[in-house]
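Colleague:
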Amino acid sequence: MLIVEHLQKRYGSFTAVHDVSFHVQAGEVYGLLGPNGAGKSSTIRVLSCLAKPDSGSVRINGMDIVREQGKVKRTIGIVPQDFALYDDFSARENLIFFGRLYGISGRELKIRADELLEAVGLLERGNEAVGTFSGGMKRRINIAAGLMHKPKMLYLDEPTVGIDPQSRRNILDLVKTLNAGGLTVLYTTHYMEEAEELCHRIGVIDQGKIIAEGTLSEMRSMAGETAPIRLELRDNLSKPQLEQLRTIAEEVITQDKTITLFTRDPKTALSGILQMLADFGAHVHHLELDEPDLETVFLKLTGRRLRD
Numbered sequence: 032m033l034i035v036e037h038l039q040k041r042y043g044s045f046t047a048v049h050d051v052s053f054h055v056q057a058g059e060v061y062g063l064l065g066p067n068g069a070g071k072s073s074t075i076r077v078l079s080c081l082a083k084p085d086s087g088s089v090r091i092n093g094m095d096i097v098r099e100q101g102k103v104k105r106t107i108g109i110v111p112q113d114f115a116l117y118d119d120f121s122a123r124e125n126l127i128f129f130g131r132l133y134g135i136s137g138r139e140l141k142i143r144a145d146e147l148l149e150a151v152g153l154l155e156r157g158n159e160a161v162g163t164f165s166g167g168m169k170r171r172i173n174i175a176a177g178l179m180h181k182p183k184m185l186y187l188d189e190p191t192v193g194i195d196p197q198s199r200r201n202i203l204d205l206v207k208t209l210n211a212g213g214l215t216v217l218y219t220t221h222y223m224e225e226a227e228e229l230c231h232r233i234g235v236i237d238q239g240k241i242i243a244e245g246t247l248s249e250m251r252s253m254a255g256e257t258a259p260i261r262l263e264l265r266d267n268l269s270k271p272q273l274e275q276l277r278t279i280a281e282e283v284i285t286q287d288k289t290i291t292l293f294t295r296d297p298k299t300a301l302s303g304i305l306q307m308l309a310d311f312g313a314h315v316h317h318l319e320l321d322e323p324d325l326e327t328v329f330l331k332l333t334g335r336r337l338r339d
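Numbers in this note's numbering are just positions in the sequence shown, counted from 1, shifted up by 31.
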């Protein structure tokens with residue numbers, strides 16, 4: 032459905048997207064995972080025909096996004112981070128407006144609007160002004176607007192940012208339902224747990240580059256057989272103390288006063304690590320012991336946590 036090859040996008044002297052390549056199969060949920068500023072939204076702008084690539088190529092359902100923009104735009108639905116809605120219009124009026132932009136008219140237009148209002152759980156609020164809605168409700172109408180023309184592929188650019196847990200749950204369940212109905216989804220997020228729940232395959236983007244890609248199990252295997260022990264200390268350790276810690280862990284990553292140690296048997300190693308820190312006179316404020324996950328993969332690949 033989507034083939035991106037060696038995509039590059041610059042803004043002046045700044046390269047926002049650098050030699051990015053990935054593909055999305057029809058019927059797949061593909062997650063583009065990365066921290067804020069990683070290049071996710073810049074990539075989406077190019078794939079949406081809102082920005083021209085400086086180099087590389089993108090094909091959507093076999094169509095080139097530069098030479099066949101009109102056809103591409105009818106194939107994709109776009110749900111941006113910012114609300115693309117008119118607050119003075121009702122929810123139904125917003126959907127009808129966007130449907131008309133795609134040439135839908137008459138009875139079909141009203142039927143489609145009501146179908147989507149029901150799908151996002153807002154049919155009974157359809158005649159109310161969107162300006163009175165909560166952030167989570169607006170997010171759901173935003174998604175419905177992107178679906179009015181029955182696209183073959185939907186771009187969801189961080190659709191759960193800044194909303195309450197219940198609305199977030201509703202959106203995640205909606206994505207699953209849409210995908211089960213055959214819709215291909217490109218889902219950008221910096222929440223690893225969303226990517227783990229929704230996505231068949233995941234691409235990790237950082238500083239404008241894809242640094243890892245694969246299924247969830249493949250991504251987890253990139254963390255190796257080690258699991259992280261994450262410690263937040265009151266003070267930084269000295270270099271000799273860090274060297275001593277490295278003797279009892281396979282890998283040690285330091286970031287300010289946070290130390291992450293990777294070990295094959297974290298529960299057994301933990302007592303020895305805490306004893307060594309006590310001998311140093313170090314004070315531990317917080318401790319986490321995790322199973323390998325996408326956060327672990329990102330940390331091992333970049334040396335920093337996903338949301339840093």
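Idealized CB from N, CA, C, for every residue including glycine.
#1: Helix, strand or coil: how does DSSP classify Met184 here?
#2: Does the region 154-174 touch the region 85-99, meaning 3 or more C-beta pairs lie closer than 8 Å?
#3: Should Ser198 be labelled buried (16 or more other beta-carbon atoms within 10 Å of its own) or exposed?
#4: Among residues of its own chain, excluding the 5 on either side of Gly152, which ones have a beta-carbon nearer than 8 Å to its beta-carbon?
#5: Buried or exposed for Ala226, going by 16 or more other Cβ atoms inside 10 Å?
#6: For Gly295, count neighbouring Cβ atoms within 10 angstroms of its own Cβ and tell me buried if that reaches 16, exposed if not.
#7: What residue range is occupied by the uninterrupted alpha helix (DSSP H) comprising Phe311?
#8: Going by other Cβ atoms of all chains shown within 10 Å of its Cβ, with 16 needed for buried, is Lys181 buried or exposed?
#9: Could you tell me the boundaries of the beta strand (DSSP E) in which Pro271 lies?
#10: Where in the region 188-256 do unbroken runs of the alpha helix (DSSP H), each at least 4 residues long, occur, reported from the N-terminal end onward?
#11: Can you tell me the Cβ-Cβ gap for Leu229 and Tyr222, rounded? I've got them flagged as a contact below 8 Å.
#12: Starting from the C-beta of Gly58, find all residues in its chain whose C-beta is less than 7 Å away, skip the five residues before and the five after it, and write them out in chain order.
#13: Determine the contact status of Leu147 and Gly157, defining contact as a CB-CB distance below 7 Å.
#14: If you draw a straight line from the alpha carbon of Gly108 to that of Asp145, how long is it in whole angstroms?
#15: For the beta strand (DSSP E) that contains Gly108, what are its first and last residues?
#16: My understanding is that Ala280 touches Ala300, with C-beta atoms under 8 Å, so please give their C-beta distance in whole angstroms.
#17: Please identify the residue among Leu209, Val192, Ile135, Asp237 whose C-alpha is closest to the C-alpha of Leu330.
#18: According to DSSP, is Arg123 part of a helix, a strand, or is it coil?
#19: Pick helix, strand or coil for Arg265, following the three-state DSSP scheme.
#20: If you run the structure through DSSP and keep just helix, strand and coil, what is Val328?
#21: Where does Asp50 sit, in a helix, a strand or coil, going by DSSP?
#22: Among Gly134, Val235, Pro259, which one has its Cα closest to the Cα of Glu342?
#23: Pick helix, strand or coil for Val151, following the three-state DSSP scheme.
#24: With distance defined between alpha-carbon atoms, name the residue in Leu268, Gly65, Thr74 nearest to Leu33.
#25: Out of Lys207, Arg138, Glu189, Ile194, which one is the CA nearest neighbour of Phe164?
#26: Restricting to Cα atoms, I'd like to know which of Leu325, Leu305, Met184 is closest to Leu318.
Modeller: On the basis of the coordinates in this document:
#1: When secondary structure is reduced to three states using DSSP, Met184 falls in the strand class.
#2: The answer is no - the region 154-174 does not touch the region 85-99, with fewer than three Cβ pairs under 8 Å.
#3: If you draw a 10 Å sphere on the C-beta of Ser198, you find 16 or more other C-beta atoms in it, and that means buried.
#4: Here the set comprises Arg171, Asn201.
#5: Classification for Ala226: buried.
#6: For clarity, residue 295 is Arg in the given sequence; the question names Gly instead. Exposed is the label assigned to Arg295, since fewer than 16 other Cβ atoms lie within 10 Å of its Cβ.
#7: Per DSSP, Phe311 belongs to the alpha helix (DSSP H) from 297-311.
#8: Of the other Cβ atoms in all chains shown, fewer than 16 fall within 10 Å of the Cβ of Lys181; this residue is therefore exposed.
#9: For Pro271, no beta strand (DSSP E) encloses it; the enclosing alpha helix (DSSP H) starts and ends at 270-276.
#10: 196-211, 223-229, 247-252, all fully within the region 188-256.
#11: Not really, about 10 Å apart at Cβ, beyond 8 Å.
#12: Result list for Gly58: Gly213, Thr215, in chain order.
#13: No. Outside cutoff.
#14: Using only the alpha carbons, I get a separation of about 18 Å.
#15: Element bounds for Gly108: 107-110.
#16: The Cβ separation is near 7 Å, so the contact holds.
#17: Ranking the options by Cα distance to Leu330, first place goes to Asp237.
#18: Residue state for Arg123 is assigned as helix, using DSSP reduced to three classes.
#19: Coil, per DSSP.
#20: Residue state, collapsed to three classes: helix.
#21: The answer is strand: DSSP assigns Asp50 an E or B state.
#22: Look at the range of the chain in this structure, 32 to 339, and you will see that residue 342 is not part of it.
#23: Here Val151 sits in coil by DSSP.
#24: The candidate whose alpha carbon is nearest that of Leu33 is Thr74.
#25: The residue among Lys207, Arg138, Glu189, Ile194 with its C-alpha nearest the C-alpha of Phe164 is Ile194.
#26: Each of Leu325, Leu305, Met184 was checked against the Cα of Leu318, and the nearest Cα belongs to Leu305.
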